[in-house]
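K.L.:
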Amino acid sequence: MWSRALSPFSRRVFGLLAAGVVGAFIGFGAGLYLAEKRPPRLPKPAAPVVYIPTSFAALPGWGDDRISEALPALNASCRVLADKQPTEEIGTGTISRPASAWQHACAGLAGASDDADVRRRLEQLFVPYAVVAPGKNGGQTPDGLFTGYYEADLTGSLTRQGRFQIPIYGVPRDLVTVDLRQFVPDLPATAPRQLVGHVSSGPIGNMLVPYFTRKQIDHDHVLDDKADVLLWADDPVAVHILHIQGSGRVTLQDGRQIHIGFAGHNGLTFHGIGGILIAAGVLKPGEASMDRVRDWLHAHPVDAARYMDENARYIFFRINPSSGNDNGPPGALGVALSAGRSLAVDPRFVPLGAPLWLDTADADGVPIRRLVAAQDMGAAILGPVRGDLFWGHGEKAFAMAARMHSTGHYFVLIPIP
Numbered sequence: 179m180w181s182r183a184l185s186p187f188s189r190r191v192f193g194l195l196a197a198g199v200v201g202a203f204i205g206f207g208a209g210l211y212l213a214e215k216r217p218p219r220l221p222k223p224a225a226p227v228v229y230i231p232t233s234f235a236a237l238p239g240w241g242d243d244r245i246s247e248a249l250p251a252l253n254a255s256c257r258v259l260a261d262k263q264p265t266e267e268i269g270t271g272t273i274s275r276p277a278s279a280w281q282h283a284c285a286g287l288a289g290a291s292d293d294a295d296v297r298r299r300l301e302q303l304f305v306p307y308a309v310v311a312p313g314k315n316g317g318q319t320p321d322g323l324f325t326g327y328y329e330a331d332l333t334g335s336l337t338r339q340g341r342f343q344i345p346i347y348g349v350p351r352d353l354v355t356v357d358l359r360q361f362v363p364d365l366p367a368t369a370p371r372q373l374v375g376h377v378s379s380g381p382i383g384n385m386l387v388p389y390f391t392r393k394q395i396d397h398d399h400v401l402d403d404k405a406d407v408l409l410w411a412d413d414p415v416a417v418h419i420l421h422i423q424g425s426g427r428v429t430l431q432d433g434r435q436i437h438i439g440f441a442g443h444n445g446l447t448f449h450g451i452g453g454i455l456i457a458a459g460v461l462k463p464g465e466a467s468m469d470r471v472r473d474w475l476h477a478h479p480v481d482a483a484r485y486m487d488e489n490a491r492y493i494f495f496r497i498n499p500s501s502g503n504d505n506g507p508p509g510a511l512g513v514a515l516s517a518g519r520s521l522a523v524d525p526r527f528v529p530l531g532a533p534l535w536l537d538t539a540d541a542d543g544v545p546i547r548r549l550v551a552a553q554d555m556g557a558a559i560l561g562p563v564r565g566d567l568f569w570g571h572g573e574k575a576f577a578m579a580a581r582m583h584s585t586g587h588y589f590v591l592i593p594i595p
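Here my numbering is used: the first residue of the sequence shown is 179, the next is one more, and so on.
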């Protein structure tokens, strides 16, 4: 894992905290779920999160980024924000703003051209806020973990034949998703909002119970009459990686490509395969990069199946329309992801659609200081300072994403009221 000493900005933040200059926004974490024989648990309070307004001059590398390259991502976010009701609040705590403020800022960005123009408009329309997370021993830190992901590449078939025996499922017809806000209108913004399961008969009538596990789906074939198979793949490891990445391009034998993207999940807890292999003692800490994990799984197919089953979370897909090979898959915001400019975040702390200034590094320690947009989310992307950078597709993107495990921080850009 790449690590670094505290940056000058980090030291400045600690100084502000020690001086008592900043206040805290307190949210609530979660753990709300429905079990067969127990009631849902109430959300547990999370540690304080602090949003510190700062200046653009304080952003590391602010003047060096080819910032106009982020315009496609920014414009895509603005198209979504334009459809919001003007009074809808976006963001949380001290960074909450009505959609009208975002729409005004987006209008101000319209027609931006070169780097200098984009930079000037952002400085006029936004205020950067550093996000400071709970640290060790009750302290606080602006630093967090940044990883990478990519659009997986697979080989597949529209029919089950020959070596193509691994199903890629659409959303099961019996999958039930519950929006908790319909039952608890004052649910804290940082609490989980959904329960996922299926209906089963019980001693007191029909009950919502947890959905089937990965092992039940892959080995007991419980979805044979419950879900459509979109495609058949030839590599169980590639399919498992597809489930982690959330989107992929499947190349058929005739050369056609079919784009598939996240459509749902079984609601069970995600356990990263790298952590599973470390816990089993087959890989050492620091060795579980995505490329090392892929190589090990391919070299040990029998053990691989057993270890992959330990990640109970299962992803279901939809076929996405293809509008050109350079466009990424749609993220949680509903827009095509931009390679190197789209970031997956925890939307409890960073609003989807918001621009951020990212300060981290790749696996070789090369600084990544650039403007990105919060356009996606993921099961493992949890916490105030946690990001997953989208690298695109292909082996080069895989290589960049596979090894990225870096310390860094970010600033969320919030419209001036």
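Just so it is clear, CB atoms sit at the ideal spot from N, CA and C, and this is done for glycine as well. Here the structure is a predicted model, which means the values were calculated and not measured.
1) Taking three-plus beta-carbon pairs below 8 Å as touching, is the region 435 to 451 in contact with the region 487 to 502?
2) Just how far apart, CA to CA, sit residue 393 and residue 594?
3) Do the region 518 to 525 and the region 554 to 572 meet, that is, are 3 or more Cβ pairs less than 8 Å apart?
4) Would you check if the distance between the CB atom of residue 258 and the CB atom of residue 531 is smaller than 8 Å?
5) Indicate, with yes or no, if the ligand SAH has a heavy atom lying under 7 Å from the CB of residue 408.
6) At the level of alpha carbons, what is the spacing between residue 456 and residue 486?
7) What are the uninterrupted segments assigned as beta strand (DSSP E) that are 3 or more residues long and contained completely in the region 322 to 349, given in chain order?
8) In angstroms, rounded to a whole number, what distance separates the CA positions of residue 412 and residue 261?
9) Three-state secondary structure (DSSP) at residue 357?
10) Going by beta carbon distance, what residues of the same chain come within less than 6 Å of residue 324, once the five residues before and after it are set aside?
11) Hey, quick one: how far does the beta strand (DSSP E) through residue 564 stretch, first residue to last?
12) Write down every uninterrupted run of the alpha helix (DSSP H) in the region 228 to 262 whose length is 4 residues or greater and which is fully enclosed by it, in chain order.
13) Quick one, which of 232, 234, 268 has its alpha-carbon nearest residue 527's?
14) Just the Cα atoms here: how many angstroms apart are residue 254 and residue 481?
15) What are the partner residues of residue 372, as DSSP defines its beta bridges?
16) Comparing alpha-carbon positions, which option in 496, 459, 301, 335 lies nearest residue 434?
17) Would you check if the distance between the CB atom of residue 311 and the CB atom of residue 550 is smaller than 8 Å?
18) Leaving aside the five residues before and after residue 406 along the sequence, list all residues of the same chain whose C-beta is less than 6 Å from its C-beta, in chain order.
19) Go through the region 533 to 560 residue by residue and report every complete run of the beta strand (DSSP E) that reaches 3 residues or more, in order.
20) Where does residue 307 sit, in a helix, a strand or coil, going by DSSP?
21) Whose CA, out of 372, 484, 472, lies closest to the CA of residue 397?
22) In this structure, how does DSSP classify residue 588 when only helix, strand and coil are distinguished?
23) Expressed to the nearest angstrom, what Euclidean distance is found between the alpha-carbon atoms of residue 155 and residue 510?
24) So residue 245 and residue 305 are supposed to be a Cβ contact under 8 Å. How far apart are they, rounded?
25) Taking the alpha-carbon of residue 432 as reference, which of 333, 390, 441 has the nearest alpha-carbon?
26) DSSP on residue 582, reduced to helix/strand/coil?
27) Would you kindly report the start and end of the unbroken alpha helix (DSSP H) that includes residue 411?
28) Using 8 Å as the threshold, is the C-beta distance between residue 320 and residue 404 below it?
29) Leaving out five residues on either side along the sequence, give the residues of the same chain with a beta carbon under 8 Å from the beta carbon of residue 570.
30) Roughly how many angstroms lie between the CA atoms of residue 445 and residue 541, to the nearest whole one?
31) Straight-line CA distance for residue 371 to residue 340?
32) Applying the criterion that 16 or more other CB atoms from any shown protein chain within 10 Å of the CB defines a buried residue, is residue 120 buried or exposed?
33) Between the beta-carbon of residue 581 and the beta-carbon of residue 467, is there less than 8 Å?
34) Assuming residue 472 and residue 438 make a contact with CB atoms under 8 Å, what is their CB distance in whole Å?
35) What number of angstroms, rounded off, separates the C-alpha of residue 302 from the C-alpha of residue 342?
36) Looking only at DSSP bridge pairs, what is residue 494 linked to?
P.N.:
With the structure as the only source:
1) yes
2) Within the sequence shown, the letter at position 215 stands for residue 393. Within the sequence shown, the letter at position 416 stands for residue 594. Cα to Cα, the separation comes out at about 50 Å.
3) yes
4) If you number the sequence shown from 1, residue 258 lands on position 80. If you number the sequence shown from 1, residue 531 lands on position 353. In this structure, residue 531 lies closer than 8 Å to residue 258 by Cβ.
5) No copy of the ligand SAH occurs in the structure displayed, which carries no ligand at all.
6) Along the sequence shown, one-based indexing puts residue 456 at 278. Along the sequence shown, one-based indexing puts residue 486 at 308. Those two C-alpha atoms are separated by around 13 Å.
7) 322 to 335, 344 to 347
8) For this step, residue 412 is matched to residue 234 along the sequence shown. For this step, residue 261 is matched to residue 83 along the sequence shown. Distance between the alpha carbons of residue 412 and residue 261 is about 41 Å.
9) Indexing the sequence shown from 1 puts residue 357 at position 179. In the structure shown, residue 357 sits in a strand (DSSP, three-state: E or B).
10) For this step, residue 324 is matched to residue 146 along the sequence shown. The answer, listed in chain order, is 538, 565, 584, 586.
11) The residue given as residue 564 occupies position 386 in the sequence shown. Element bounds for residue 564: 564 to 571.
12) 249 to 259
13) Along the sequence shown, one-based indexing puts residue 527 at 349. Of the candidates 232, 234, 268, the one whose C-alpha sits nearest the C-alpha of residue 527 is 268.
14) Translated into the one-based positions of the sequence shown, residue 254 becomes position 76. Translated into the one-based positions of the sequence shown, residue 481 becomes position 303. Using only the alpha carbons, I get a separation of about 43 Å.
15) To locate residue 372, count along the sequence shown from 1; it is residue 194. DSSP lists 357 as partners of residue 372.
16) Along the sequence shown, one-based indexing puts residue 434 at 256. It is 335 whose Cα lies nearest to the Cα of residue 434.
17) Translated into positions along the sequence shown, residue 311 becomes position 133. Translated into positions along the sequence shown, residue 550 becomes position 372. No, the pair does not count as a contact, with Cβ atoms beyond the cut-off.
18) On the sequence shown, residue 406 is found 228 positions in, with the first residue counted as 1. So the qualifying residues of the chain are 348.
19) 533 to 539, 545 to 554
20) Here residue 307 is taken as the residue at index 129 of the sequence shown, counted from 1. Strand, per DSSP.
21) Position 219 of the sequence shown, counted from the first residue, corresponds to residue 397. Looking at the Cα atoms, 484 is the closest of the given residues.
22) As a first step, residue 588 is located in the sequence shown; it is residue number 410 there, counting from the start. Of the three classes helix, strand and coil, the one that applies to residue 588 here is strand, per DSSP.
23) The first residue shown for the chain is 179 and the last is 595, placing residue 155 beyond what the model contains.
24) As a first step, residue 245 must be located in the sequence shown, where it is residue number 67. As a first step, residue 305 must be located in the sequence shown, where it is residue number 127. Going by Cβ atoms, the distance from residue 245 to residue 305 rounds to 17 Å, so no, they are not a contact pair.
25) Working through the sequence shown from its first residue, we reach residue 432 at position 254. For residue 432, the nearest C-alpha among the options comes from 333.
26) The residue you call residue 582 lines up with position 404 of the sequence shown. Of the three classes helix, strand and coil, the one that applies to residue 582 here is coil, per DSSP.
27) As a working note, residue 411 is residue 233 in the sequence shown. Note, residue 411: premise wrong, no alpha helix (DSSP H); beta strand (DSSP E) at 407 to 411.
28) By 1-based counting over the sequence shown, the position of residue 320 is 142. By 1-based counting over the sequence shown, the position of residue 404 is 226. No, the Cβ-Cβ distance between residue 320 and residue 404 is not below 8 Å.
29) Position 392 of the sequence shown holds residue 570. Excluding residues within five positions, the ones whose Cβ falls inside 8 Å are 328, 329, 506, 517, 518.
30) For the purposes of this step, residue 445 is taken as residue 267 along the sequence shown, with counting starting at 1. For the purposes of this step, residue 541 is taken as residue 363 along the sequence shown, with counting starting at 1. Distance between the alpha carbons of residue 445 and residue 541 is about 31 Å.
31) Taking the first residue of the sequence shown as position 1, residue 371 is located at position 193. Taking the first residue of the sequence shown as position 1, residue 340 is located at position 162. Roughly 42 Å separates the two Cα atoms.
32) Residue 120 lies beyond the range of the chain shown here (179 to 595); nothing can be said about it.
33) By 1-based counting over the sequence shown, the position of residue 581 is 403. By 1-based counting over the sequence shown, the position of residue 467 is 289. Yes.
34) Position 294 of the sequence shown holds residue 472. Position 260 of the sequence shown holds residue 438. Residue 472 to residue 438, Cβ: 19 Å. No contact.
35) Mapped onto the sequence shown, residue 302 falls at position 124. Mapped onto the sequence shown, residue 342 falls at position 164. Computed Cα separation, rounded: 55 Å.
36) On the sequence shown, residue 494 is found 316 positions in, with the first residue counted as 1. Residue 494 is bridged to 442.
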